[in-house]
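Top line first, the protein sequences correspond to chains A and B.
Heads up: the first sequence runs through residues 1 to 236, numbered per our numbering.
Heads up: the second sequence runs through residues 1001 to 1314, numbered per our numbering.
Quick reminder that beta carbons are idealized off the backbone N, C-alpha and C, glycines included.
Notes to accompany the following structure.
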Amino acid sequence: MGGKPVIPNFGKGSSCVTGDHFFCWDWVHQHWNDTLGPALWQHVELTAIAVAIGFALAFPLALLAHRFRPLEQPIGVVSALVYTIPSLAAFQLLVPFTGITWTTVEIALVAYTLVILFPNIVTGLRSAPEEVIEAARGMGLTRRQVLTRVELPLAVPAIIAGLRIAVVSTVAIGTIAATLLPKGLGYPMLLALKEPTPFKTEIYSTGILAVALALACDAALVILRRALVPWARRSA
Amino acid sequence: MSEAAEIVFDHVTKRYPGRDTAAVDDLSLDIPAGCFCILVGPSGGGKTTALKMVNRLIPFDSGEIRIDGRSIDTLPLTELRRGIGYVIQQVGLFPHMTIGENIATVPRLLGWNKRRMHERTTELLELVGLEAADAGRYPAQLSGGQRQRVGLARALAADPPLLLMDEPFGALDPITRHRLQTELRRLHREVGKTVIFVTHDIDEAIQMGDRIAILREGGVLAQYDTPDAILAHPTDEFVATFIGEDRALRRLALRTLREVSLGPVDGDGPGVSPDTTLRNAVSLMIETGADRLTVEDGGKAIGTFTLRDAQELL
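Here it is as structure tokens:
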């Protein structure tokens, strides 16, 4: 769809569309290929990149904070400050540096995922009970083996919990990216809202897609956890 | 690896910064190979500290600890620890690993092949009274007693010549604890390792130990001897109070009628099995008002035990 505004053509539409009824399936069907599908795909891309880069940054930082405890607080404070910046403002703050680009959007989104993921991973790494670590050291596991064989596997539930929050909130915050670039599920929504009489079906369908995307990602992560954490669900 | 190791504490001292008294004060102990040695004492006696010095979880300030004549400082840390079985009160099983994987922890570190690990795991599960099928379960699916059995199996996995046990049964209910105590004694007879066992429970110490080291506050060794000798001749007030005023009865509990010489059968008094402890025999005499018991083995009288005999044995 590119930058071309998608405004329902009242002349060609069905009576549902021309009358702007509550929800018109025929419009959704008609504009899946030119509007909704591409917007959904861009949104998936937006979210995936933000979460992937956020995780790639948060994970080593969390390992560092776990290894050198005094580092945790400064990293945590900076992250918390970042999180207080409203997303709309964050995009505008970055424009002078990175312009009206995909990069600007991703920097802001990555910052949010980082802030969510970092404390979750640190908490996860600390979740190994003290006696388990003592037993591991007492049996002659090296520090690295304690990390890779004990602390990391035990951190998986907390890491996945963090990913779930990060993914769901990025899907939501990602709609605001449309204020900067004509991309993602936020864009058709924004265009519809700019009309003197907003076209309901367009707002609802993009909104529903955003919610569905968030729920699908969340469900995928729940399935991933079940696969990676067989020990937690088999309690006596 | 040898079957059992001799452990020597040679004037070992440990002070924690900011404390007036030492945690362990000039401790010297010779623990012969194959000995079941108990470290017992009130809290603040440094018994756990002393135990954790052996696998260097806690560093000490001066002195030397030797295993089979070699100072523990001469071995690389991981090698030292992989050669010592370690059991703690909270067990510390890896929740994300199956029972089998937990038991095979040290063998895996040592690079054993799969088949050997599997065989060893099966053998150990049986040794500690669990089933081979339990290997695939997770720790969360086991009871407290079963978990400590796994903890013991895990410590024994690589057949170490020394076991360190830090109040292993402290968190268990009395019945489970008693069962595991009995089984650990049996196991010790079977596998013949040197065991250093920390407890604050003097009853457990007397029941389990070949030798008992009693530590007092400030980490000072008060007495180190066999349970019988400690009960017969406590070195001082502290030891006498710690072992309790009923020490005569406790001593009698250490032996059964089978282990003492009996008088000729005179047919008087209630019948009793030779596996009765002297303590229970005395109790029976007090209860029935008799001054003697007829010891019967398989329905046949084999001797007489009198109250006077009991007194003379003390």
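Against chain B: residues of the segment 129-142 of chain A by CB proximity under 9 Å: Cβ contacts with chain B: P129, E130, E131, V132, I133, E134, A135, A136, R137, G138, M139, G140, L141, T142.
Chain A within 9 Å of B:Q1207, Cβ atoms only: In the second sequence, the residue the question calls residue 1207 of chain B occupies position 207. Not flagged as an interface residue toward chain A: B:Q1207, since no C-beta distance is shorter than 9 Å.
3 or more residues per run - each beta strand (DSSP E) lying fully within the segment 1045-1116 of chain B: Unbroken beta strand (DSSP E) stretches of 3 residues or longer found wholly inside the segment 1045-1116 of chain B: 1062-1067, 1084-1088, given in chain order.
Proximity winner among B:P1274, B:D1203, B:D1068, B:R1308, relative to B:E1259 (alpha-carbon distances): Position 259 of the second sequence, counting from 1, holds the residue named residue 1259 of chain B. B:E1259 has its Cα closest to that of B:P1274, out of B:P1274, B:D1203, B:D1068, B:R1308.
A:T104 beta carbon less than 9 Å from that of A:V115: Counting from one through the first sequence, the residue named residue 115 of chain A turns up at place 115. Counting from one through the first sequence, the residue named residue 104 of chain A turns up at place 104. Not in contact: A:V115 and A:T104 (Cβ atoms no closer than 9 Å).
Whole runs of the beta strand (DSSP E) within the segment 1133-1201 of chain B, excluding any shorter than 3 residues: Scanning the segment 1133-1201 of chain B for uninterrupted beta strand (DSSP E) segments of 3 residues or longer gives 1162-1166, 1194-1199, listed from N- to C-terminal end.
Bridge partners - B:D1325, DSSP secondary structure assignment: A query on residue 1325 of chain B cannot be resolved here, the shown segment of chain B reaching from 1001 to 1314 and no further.
Span of the alpha helix (DSSP H), counted from its first residue to its last, around A:L81: The residue given as residue 81 of chain A occupies position 81 in the first sequence. Residues 72-84.
Residues near B:A1253 by beta carbon distance below 6 Å, same chain, minus five either side: By one-based count along the second sequence, residue 1253 of chain B stands at place 253. Closer than 6 Å at the Cβ level, and outside the excluded window around B:A1253, lie T1277, R1279.
Exposed unless 16 or more other CB atoms sit within 10 angstroms - verdict on A:K183: In the first sequence, counting from the first residue as 1, residue 183 of chain A sits at position 183. Sixteen is the threshold: when 16 or more other Cβ atoms of the shown chains lie within 10 Å of the Cβ of A:K183, as they do, the residue is buried.
Cβ-Cβ separation, A:P188 to A:T206 (assumed contact under 8 Å), whole Å: The sequence position of residue 206 of chain A within the first sequence is 206, counting from 1. The sequence position of residue 188 of chain A within the first sequence is 188, counting from 1. Taking a contact as a CB-CB distance under 8 Å, the pair A:T206 and A:P188 counts as one, their CB atoms being some 5 Å apart.
Contact with chain B by A:L154, beta-carbon distance below 9 Å: Walking along the first sequence from the start, residue 154 of chain A turns up at place 154. Judged by the 9 Å Cβ criterion, A:L154 is in contact with chain B.
C-alpha distance - A:G138 paired with A:P74, whole-angstrom precision: The residue labelled residue 138 of chain A in the question sits at position 138 within the first sequence. The residue labelled residue 74 of chain A in the question sits at position 74 within the first sequence. The C-alpha of A:G138 lies about 32 Å from the C-alpha of A:P74.
Test: B:M1001 CB closer than 9 Å to a CB of chain A: Walking along the second sequence from the start, residue 1001 of chain B turns up at place 1. Its pLDDT being 41, under 50, B:M1001 is placed unreliably in this model, and the value from its coordinates should be taken loosely. Chain A places no beta carbon closer than 9 Å to that of B:M1001, leaving this residue out of the contacts.
Minimum Cβ-Cβ distance from B:L1130 to chain A less than 9 Å: Taking the first residue of the second sequence as 1, we reach residue 1130 of chain B at position 130. Chain A places no beta carbon closer than 9 Å to that of B:L1130, leaving this residue out of the contacts.
B:G1034 versus B:G1085: straight-line alpha-carbon distance, rounded: Looking up residue 1034 of chain B in the second sequence gives position 34. Looking up residue 1085 of chain B in the second sequence gives position 85. Each residue's Cα considered, the two are about 14 Å apart.
Beta-carbon neighbours of B:L1057, restricted to chain A and to distances below 9 Å: Taking the first residue of the second sequence as position 1, residue 1057 of chain B is located at position 57. Neighbours of B:L1057 on chain A, chain order: E134, R137, G138.
Spatially closest choice to B:E1237 from B:I1214, B:T1226, B:D1228, by CA coordinates: Here residue 1237 of chain B is taken as the residue at index 237 of the second sequence, counted from 1. The residue with the shortest Cα to Cα distance from B:E1237 is B:I1214.
Rounded C-alpha distance that separates A:S79 from B:A1104: Start at 1 with the first residue of the first sequence, and residue 79 of chain A comes out as number 79. Start at 1 with the first residue of the second sequence, and residue 1104 of chain B comes out as number 104. If I take the Cα positions, the gap works out to 41 Å.
Unbroken stretches of the alpha helix (DSSP H), 4 residues or longer, contained in the segment 12-52 of chain A: Listed in chain order, they are 15-18, 25-30.
Per-residue burial, A:N120 [other beta carbons within 10 Å of its own, 16 or more giving buried]: Counting from 1 along the first sequence, the entry for residue 120 of chain A is found at position 120. Burial call: buried.
Cutoff 6 Å; reference B:C1037; Cβ partners in own chain excluding five residues on either side: Taking the second sequence and counting its residues from 1, one reaches residue 1037 of chain B at position 37. Cβ within range, chain order: I1031, I1196, R1211.
Neighbour flag for B:M1117 against chain A, beta carbons, 9 Å: Translated into the one-based positions of the second sequence, residue 1117 of chain B becomes position 117. Judged by the 9 Å Cβ criterion, B:M1117 is not in contact with chain A.
For B:E1204, three-class secondary structure by DSSP: To locate residue 1204 of chain B, count along the second sequence from 1; it is residue 204. In the structure shown, B:E1204 adopts helical secondary structure according to DSSP, grouped into three states.
For A:I100, the three-state DSSP class (helix, strand or coil): Against the first sequence, residue 100 of chain A aligns to sequence position 100. A:I100 falls in the coil class under three-state DSSP.
Residue-chain proximity (B:P1095, chain A), Cβ-Cβ < 9 Å: Translated into positions along the second sequence, residue 1095 of chain B becomes position 95. Judged by the 9 Å Cβ criterion, B:P1095 is in contact with chain A.
Cβ-based neighbour list, B:Q1089, same chain, cut-off 7 Å, excluding 5 preceding and 5 following: Here residue 1089 of chain B is taken as the residue at index 89 of the second sequence, counted from 1. Excluding sequence neighbours, B:Q1089 sits near D1166, E1167, P1168, G1170, A1171.
Three-pair Cβ contact test at 8 Å for the segment 210-220 of chain A versus the segment 159-179 of chain A: With three or more CB-CB distances shorter than 8 Å, the segment 210-220 of chain A counts as touching the segment 159-179 of chain A.
Closest Cα partner of B:H1178 within the set B:T1256, B:D1010, B:M1208: In the second sequence, residue 1178 of chain B corresponds to position 178, counting from 1. B:M1208 is the residue among B:T1256, B:D1010, B:M1208 whose C-alpha sits nearest the C-alpha of B:H1178.
Cβ distance (whole Å) where B:E1296 is taken to contact B:G1271 below 8 Å: Translated into the one-based positions of the second sequence, residue 1296 of chain B becomes position 296. Translated into the one-based positions of the second sequence, residue 1271 of chain B becomes position 271. About 5 Å separates the beta carbons of B:E1296 and B:G1271, which is inside the 8 Å limit, making them a contact pair.
Residues of the segment 1063-1091 of chain B with Cβ closer than 9 Å to any Cβ of chain A, in chain order: Those residues of the segment 1063-1091 of chain B that come within reach of chain A (Cβ to Cβ, closer than 9 Å) are L1077, T1078, E1079, L1080, R1081, R1082, G1083, I1084, G1085, Y1086, V1087, I1088, Q1089, Q1090, V1091.
Inter-residue spacing [alpha-carbon to alpha-carbon] between B:L1077 and B:T1294: To locate residue 1077 of chain B, count along the second sequence from 1; it is residue 77. To locate residue 1294 of chain B, count along the second sequence from 1; it is residue 294. Distance between the alpha carbons of B:L1077 and B:T1294 is about 58 Å.
Interface flag, A:R149 vs chain D, CB-CB below 9 Å: The chain labelled as chain D is not found among the protein chains of the depicted structure, namely A and B.
Anticipated Cβ contact below 8 Å, B:G1092 with A:V132, distance rounded: Mapped onto the second sequence, residue 1092 of chain B falls at position 92. Mapped onto the first sequence, residue 132 of chain A falls at position 132. Approximately 5 Å separates the beta-carbon atoms of B:G1092 and A:V132; this is inside 8 Å, confirming the contact.
Element boundaries [beta strand (DSSP E), containing A:E131]: Here the question's residue 131 of chain A lines up with position 131 in the first sequence. A:E131 -> not in any beta strand (DSSP E); alpha helix (DSSP H) instead, spanning 130-138.
Helix, strand or coil at B:E1296 according to DSSP, with G and I counted as helix: On the second sequence, position 296 is the one that residue 1296 of chain B refers to. Looking at B:E1296 - three-state DSSP - the assignment turns out to be strand.
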